[in-house]
Amino acid sequence: MTDQPTPARTLYTAQEIADLALKWGAAATVTQDDHDVIIDLERGNESMQLTFGSPQEFYSDLICRSWVFIESAPHRACDRWNEFPYFATFSVVYDAHDVPMTNEYGFVVRGVRLIEFDRAISEDDIMMQILLFWFAMSLIQDHVTSGSTDLSEIDRFKIPGEVMRWWLGDDVDDDNTSDDASGDSNDGA
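Following this line, the structure appears as structure tokens:
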């Protein structure tokens with residue numbers, strides 16, 4: 202007998218993960234091209250992507266992707282944020298001419314996190330890892346918008362139950378929330 206928890210399953214279809222996201226209240230759209238299977242998740246004015254890689258029936262992991270927009274010094278922000286790999290790994294997005302991509306909000310920075318299904322003890326655990334990433338990216342964007350790039354200043358990461366309060370609203374029963382803002386030992390992609 203080992204001390205390691207046994208995963209519920211190690212392989213899932215993209216549609217099963219989309220159905221799980223729908224069960225949790227996110228709008229999920231599955232798209233497929235020659236290179237990747239992608240689920241676009243939306244809820245309110247928040248969005249992110251789950252990327253599965255090349256089209257196949259079953260997957261052992263997925264990559265969570267989201268974007269943060271920063272007015273200046275995107276490489277410096279990525280360097281600072283990558284000191285906190287619990288939530289995501291960050292990189293500047295480049296256009297086809299190898300120039301850092303910008304839009305009306307500033308430079309585009311991508312955050313990614315690898316979710317490995319064999320490390321999850323239930324389907325809900327997979328969704329909690331996705332929600333933790335989504336929550337972190339939302340807080341980081343709010344923090345950047347307020348003028349700071351120092352992630353250690355974000356106190357909401359440290360409040361028990363805050364991920365579920367963010368997702369479900371303020372009516373969450375604190376006794377039934379077990380999210381952990383530090384994430385699991387999966388350090389990202």
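Numbers given in our numbering equal positions in the sequence shown, counted from 1, plus 201. Glycine residues also receive a C-beta, built at the ideal position from the N, C-alpha and C atoms. The structure presented is a predicted model; accordingly, all values stated were derived computationally and were not measured.
Just reading off the beta strand (DSSP E) that residue i is part of, what are its end residues?
i: S261; result: Note, S261: premise wrong, no beta strand (DSSP E); not H, not E.
i: L251; result: E247 to G254
i: G370; result: Note, G370: premise wrong, no beta strand (DSSP E); not H, not E.
i: V313; result: G307 to E317
i: T290; result: T290 to V293
Report back the beta-carbon spacing between residue i and residue j to the nearest angstrom; my notes put them in contact at under 8 Å.
i: A228; j: I240; result: Contact flag wrong, Cβ pair sits at about 10 Å.
i: F270; j: Y306; result: 4 Å
i: A289; j: M338; result: 7 Å
i: F259; j: T214; result: 6 Å
Could you spell out the range, first to last residue, of the alpha helix (DSSP H) harbouring residue i?
i: I322; result: From DSSP, I322 is part of no alpha helix (DSSP H); its letter is neither H nor E.
i: D280; result: P275 to W282
Using a beta-carbon distance below 7 Å, is residue i in contact with chain D?
i: F285; result: Considering every chain present, this structure includes no chain D. It has just one protein chain.
Strictly by DSSP, which residues pair up with residue i?
i: F270; result: V309
i: N304; result: G307
Evaluate contact between the segment 266-275 and the segment 248-256, counting only Cβ atoms and requiring at least three cross-stretch pairs below 8 Å. yes
If you pair each beta-carbon of the segment 313-320 with each one of the segment 275-284, do three or more pairs fall below 8 Å? no
Quick one: complete alpha helix (DSSP H) runs, 4+ long, within the segment 209-249? 215-224
Under 8 Å, with one C-beta from each stretch per pair, do the segment 289-308 and the segment 321-332 reach the 3-pair mark? no
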